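These notes are about the structure you will find just below.
2 protein chains.
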Amino acid sequence: MKLPTGFRAAGVRAGIKPSGKPDLGLVVSDEPMAWAIATTRNLVRAPCVTRNRARAASEQAVRALVVNAGNANCANGEEGIWDNDEFANVAARSLGLSRPQEVLTASTGVIGRKLPMDLVRAGVPQAAAALGDDVEPFAEAILTTDLVTKVAEVRLGGGGRVVGVAKGSGMIHPNLATMLAFVFTDAGLDQPALRAVWADVVGRTFNQVTVDGDTSTNDMAIVLANGRRPAGREELAGALGWVSTELARAIARDGEGATTLITVDVAGGRDERDAFAAARAVAGSSLVKAAVHGRDPNWGRILSAIGQSGAVADLSAVAIRLQGTVVYRGHPLPFDATELSRAMRSPDVRIAIDLAAGAAEGVAWGCDLSADYVKINALYTT
Amino acid sequence: MKLPTGFRAAGVRAGIKPSGKPDLGLVVSDEPMAWAIATTRNLVRAPCVTRNRARAASEQAVRALVVNAGNANCANGEEGIWDNDEFANVAARSLGLSRPQEVLTASTGVIGRKLPMDLVRAGVPQAAAALGDDVEPFAEAILTTDLVTKVAEVRLGGGGRVVGVAKGSGMIHPNLATMLAFVFTDAGLDQPALRAVWADVVGRTFNQVTVDGDTSTNDMAIVLANGRRPAGREELAGALGWVSTELARAIARDGEGATTLITVDVAGGRDERDAFAAARAVAGSSLVKAAVHGRDPNWGRILSAIGQSGAVADLSAVAIRLQGTVVYRGHPLPFDATELSRAMRSPDVRIAIDLAAGAAEGVAWGCDLSADYVKINALYTT
Numbered sequence: 000m001k002l003p004t005g006f007r008a009a010g011v012r013a014g015i016k017p018s019g020k021p022d023l024g025l026v027v028s029d030e031p032m033a034w035a036i037a038t039t040r041n042l043v044r045a046p047c048v049t050r051n052r053a054r055a056a057s058e059q060a061v062r063a064l065v066v067n068a069g070n071a072n073c074a075n076g077e078e079g080i081w082d083n084d085e086f087a088n089v090a091a092r093s094l095g096l097s098r099p100q101e102v103l104t105a106s107t108g109v110i111g112r113k114l115p116m117d118l119v120r121a122g123v124p125q126a127a128a129a130l131g132d133d134v135e136p137f138a139e140a141i142l143t144t145d146l147v148t149k150v151a152e153v154r155l156g157g158g159g160r161v162v163g164v165a166k167g168s169g170m171i172h173p174n175l176a177t178m179l180a181f182v183f184t185d186a187g188l189d190q191p192a193l194r195a196v197w198a199d200v201v202g203r204t205f206n207q208v209t210v211d212g213d214t215s216t217n218d219m220a221i222v223l224a225n226g227r228r229p230a231g232r233e234e235l236a237g238a239l240g241w242v243s244t245e246l247a248r249a250i251a252r253d254g255e256g257a258t259t260l261i262t263v264d265v266a267g268g269r270d271e272r273d274a275f276a277a278a279r280a281v282a283g284s285s286l287v288k289a290a291v292h293g294r295d296p297n298w299g300r301i302l303s304a305i306g307q308s309g310a311v312a313d314l315s316a317v318a319i320r321l322q323g324t325v326v327y328r329g330h331p332l333p334f335d336a337t338e339l340s341r342a343m344r345s346p347d348v349r350i351a352i353d354l355a356a357g358a359a360e361g362v363a364w365g366c367d368l369s370a371d372y373v374k375i376n377a378l379y380t381t
Numbered sequence: 000m001k002l003p004t005g006f007r008a009a010g011v012r013a014g015i016k017p018s019g020k021p022d023l024g025l026v027v028s029d030e031p032m033a034w035a036i037a038t039t040r041n042l043v044r045a046p047c048v049t050r051n052r053a054r055a056a057s058e059q060a061v062r063a064l065v066v067n068a069g070n071a072n073c074a075n076g077e078e079g080i081w082d083n084d085e086f087a088n089v090a091a092r093s094l095g096l097s098r099p100q101e102v103l104t105a106s107t108g109v110i111g112r113k114l115p116m117d118l119v120r121a122g123v124p125q126a127a128a129a130l131g132d133d134v135e136p137f138a139e140a141i142l143t144t145d146l147v148t149k150v151a152e153v154r155l156g157g158g159g160r161v162v163g164v165a166k167g168s169g170m171i172h173p174n175l176a177t178m179l180a181f182v183f184t185d186a187g188l189d190q191p192a193l194r195a196v197w198a199d200v201v202g203r204t205f206n207q208v209t210v211d212g213d214t215s216t217n218d219m220a221i222v223l224a225n226g227r228r229p230a231g232r233e234e235l236a237g238a239l240g241w242v243s244t245e246l247a248r249a250i251a252r253d254g255e256g257a258t259t260l261i262t263v264d265v266a267g268g269r270d271e272r273d274a275f276a277a278a279r280a281v282a283g284s285s286l287v288k289a290a291v292h293g294r295d296p297n298w299g300r301i302l303s304a305i306g307q308s309g310a311v312a313d314l315s316a317v318a319i320r321l322q323g324t325v326v327y328r329g330h331p332l333p334f335d336a337t338e339l340s341r342a343m344r345s346p347d348v349r350i351a352i353d354l355a356a357g358a359a360e361g362v363a364w365g366c367d368l369s370a371d372y373v374k375i376n377a378l379y380t381t
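Protein chains in written order, with numbering that gives the first Met the number 0: chain W, 0 to 381; chain H, 0 to 381.
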């Protein structure tokens with residue numbers, strides 16, 4: 000997939016991943032870009048997260064983004080901060096940028112191991128020399144245990160494009176459980192408008208992917224916009240939302256050991272906050288996830304998850320639809336369990352809920368909980 | 000184990016459980032009792048929970064408690080409410096009590112199936128006829144998929160005793176995931192004092208058992224005190240705390256598919272709320288639980304769980320001790336991973352954390368996450 004106009008990217012093998020797979024990605028724009036970031040809420044944050052947040056607070060434009068996989072450079076004390084700064088410095092030098100502040104950084108991988116700076120210093124110039132207009136090498140270089148690259152694209156009316164790439168979050172390799180999402184566009188908005196739009200988009204998309212409930216120390220979602228092409232705020236917001244939804248679904252579907260994407264659509268919420276919270280609670284319940292894995296139309300677990308979400312619901316009218324069949328509406332409804340179980344034998348299981356408390360809607364994505372998840376996460380050794 | 004003075008109990012086979020195991024328990028006191036209750040925070044509550052809460056609000060004394068296993072009588076609409084009332088009525092009649100309001104009810108089992116009232120009407124008088132001073136038949140009758148009965152006892156200085164029984168919570172059979180705990184004592188406090196003590200005890204014990212994060216629709220913890228023996232408030236509070244801690248540990252250890260009890264001790268919290276929250280977050284992290292199952296000294300997951308707990312921590316000084324070995328103190332410390340993994344091959348794994356933010360302490364209990372958990376919860380079919 001081609002990058003939007005004015006962007007170039009690369010992905011190379013720096014040797015940071017023991018597997019020898021691509022592990023260093025670089026993206027650069029011909030001109031300064033407006034940008035916005037959402038990061039992990041975990042109190043334990045990697046230096047790349049802290050530094051990018053400080054960059055965002057400065058409200059200055061940026062030119063480039065450098066990412067490594069295989070090492071999170073997190074919980075490494077002072078040394079980790081210096082190494083992360085040096086990561087940006089090396090990228091700025093390699094790209095001929097005079098200000099390293101114009102470079103954002105991201106790391107994903109094992110926590111508590113020193114970033115191998117010799118490999119970084121050799122790999123970044125190699126990436127700078129390999130820059131091109133295809134997003135795929137970059138998309139591959141940011142993966143950890145993801146099985147597939149995750150890219151999505153929308154074309155805008157004015158000729159511009161939105162291209163997003165991501166790597167998986169949670170239910171992926173322990174200590175490597177990071178969600179990274181980068182969305183590039185040659186459309187543009189002024190910085191304050193872009194920030195407002197991005198916060199809203201991330202809240203409805205990446206924050207609604209629930210996997211094993213753990214939040215990584217390195218999670219971040221960044222949008223970079225060079226503003227070359229005309230685009231209205233509504234159009235761009237819609238496009239960012241569409242691309243981010245596609246990436247969120249791809250992340251959930253590629254969860255560790257997952258066989259099924261679970262989509263939970265909630266209607267009838269008192270407000271959006273409630274609707275999104277109920278959707279997330281159902282998609283994140285271990286019991287619901289295990290039931291989906293076993294193709295068990297177990298609406299009791301869904302009802303219980305709604306109840307513990309904190310969302311207001313009219314329990315005398317709450318309705319649950321599982322793979323198209325209404326199984327509960329204030330009280331249990333008769334259904335053919337064998338047939339419904341058969342309908343659940345699909346890589347896409349959809350749960351639709353009416354909270355009967357208002358008109359707000361929300362959605363969340365998750366994946367089933369398989370024995371493979373436990374095996375992968377128990378057998379991995381630090 | 001003998002009940003405290005003035006209590007009698009029974010457990011019988013009413014036929015509610017398909018297995019034919021004991022499934023109906025009854026406890027009665029010779030005189031009115033002070034009591035207190037803590038219940039599930041799930042918005043979806045079984046009629047027994049709703050009714051007991053209304054009884055508590057009336058501040059009236061009670062005489063008896065009747066419990067069934069095998070059917071939660073939850074999400075059954077209006078009919079479930081009538082059936083639960085009738086459950087109490089039948090118990091009152093069988094015990095010769097003129098006021099059914101003096102009888103508390105509890106149900107645990109499958110959600111959304113009608114309580115078989117013919118079996119209840121036959122079983123309750125049978126239990127009333129079998130009353131005795133041994134707690135064990137009652138402890139057995141309240142189990143669902145628990146592997147063992149859970150009882151604990153403390154003797155008080157004035158000759159009184161505290162005897163508690165419980166059944167497992169979470170990580171137990173789907174739709175049967177309920178924690179029930181009943182603590183009986185022949186000591187006593189006035190109702191307001193008992194309520195204050197019980198709220199504090201439950202917050203430090205049963206609420207700190209974390210299993211799969213799901214909260215049942217039927218959870219409750221009740222203390223019943225007939226006040227025959229003298230006991231000071233501090234002494235009784237201590238005894239209730241000890242018994243409840245023992246039951247909480249027993250519940251965690253008997254989690255579905257669990258091989259290991261995980262105890263998380265937190266020190267250095269800014270306040271107790273933080274310390275308990277951090278302990279619960281670590282004990283409840285799927286990644287930590289899977290790591291313990293794999294005997295993997297993966298401190299990165301513990302640090303990340305602390306970070307997402309919301310507790311204040313001085314990250315430059317946070318310390319993590321795993322099975323006695325300090326593995327992290329502001330930065331990673333060297334340790335022999337093979338030896339530590341070997342030390343983790345125990346039915347008891349202890350994680351000790353210093354948040355370095357104050358002097359408050361907290362504790363939580365959980366269990367490891369095994370592939371058996373997933374199998375049990377996926378293969379069960381409604």
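Note that beta-carbon positions come from the ideal geometry of N, C-alpha and C, so glycine has one too.
Only a predicted model underlies this, so the values are computations on that prediction, with no experimental measurement involved.
CA-CA distance, residue i and residue j?
i, j, result
"H/L286", "H/A186", "43 angstroms"
"W/V182", "W/V201", "11 angstroms"
"H/D270", "W/A140", "43 angstroms"
"W/L465", "W/F6", "Residue 465 of chain W lies beyond the range of chain W shown here (0 to 381); nothing can be said about it."
"W/T184", "W/Q190", "14 angstroms"
"H/G293", "H/E135", "35 angstroms"
"H/I171", "H/A276", "Per-residue confidence for H/I171 stands at a pLDDT of 40, beneath the threshold of 50, marking its modelled position as unreliable; the derived number appears in the next sentence. C-alpha separation (whole angstroms): 23 angstroms."
"W/P346", "W/V161", "27 angstroms"
"W/K274", "H/L155", "Checking the sequence shown, residue 274 of chain W turns out to be Ala, not Lys. Whole-angstrom Cα-Cα distance: 50 angstroms."
"W/Y327", "W/A318", "5 angstroms"
"W/A280", "H/S106", "25 angstroms"
"H/D371", "H/L146", "14 angstroms"
"H/A316", "W/N217", "20 angstroms"
"H/A310", "W/Q307", "22 angstroms"
"H/A238", "H/V150", "14 angstroms"
"W/Q100", "H/I250", "53 angstroms"
With a cut-off of 8 angstroms, does the C-beta of residue i fall near any C-beta of chain H?
i, result
"W/P46", "no"
"W/T259", "no"
"W/L130", "no"
"W/K1", "no"
Tell me whether residue i sits in a helix, a strand or coil according to DSSP, three-state version.
i, result
"W/A392", "The displayed coordinates of chain W run from 0 to 381. Any statement about residue 392 of chain W would go beyond what the structure contains."
"H/G108", "strand"
"W/Q350", "Per the sequence presented here, residue 350 of chain W reads as Ile, with Gln not at that position. Of the three classes helix, strand and coil, the one that applies to W/I350 here is strand, per DSSP."
"H/G167", "coil"
"H/S28", "strand"
"W/K20", "coil"
"W/L146", "coil"
"W/A195", "helix"
"W/E152", "strand"
"H/L286", "helix"
"H/T381", "Because the pLDDT at H/T381 is just 44, under 50, the model does not fix this residue reliably, and the point stays unresolved."
Taking 7 angstroms as the cut-off, is the C-beta of residue i nearer than that to any heavy atom in the ligand NAP?
i, result
"H/R160", "In terms of ligand content, the structure shown is empty, and the ligand NAP therefore cannot be addressed."
Going by DSSP, what residue range makes up the beta strand (DSSP E) through residue i?
i, result
"W/R92", "Premise fails: W/R92 lies in the alpha helix (DSSP H), 76-94, not in any beta strand (DSSP E)."
"W/F181", "179-184"
Is there a C-beta anywhere in chain W that falls below 8 angstroms from the one on residue i?
i, result
"H/Q307", "yes"
"H/I250", "no"
"H/A53", "no"
Per the DSSP calculation, residue i is bridged to which residue(s)?
i, result
"W/C366", "W/L260"
"W/Y327", "W/I319, W/P331"
"H/M219", "H/T38, H/L179"
"W/V200", "According to DSSP, W/V200 bridges with nothing at all."
Ends of the alpha helix (DSSP H) at residue i?
i, result
"H/L246", "232-252"
"W/I301", "298-306"
"H/A276", "271-283"
"W/A8", "Not the alpha helix (DSSP H): W/A8 falls in the beta strand (DSSP E), residues 6-11."
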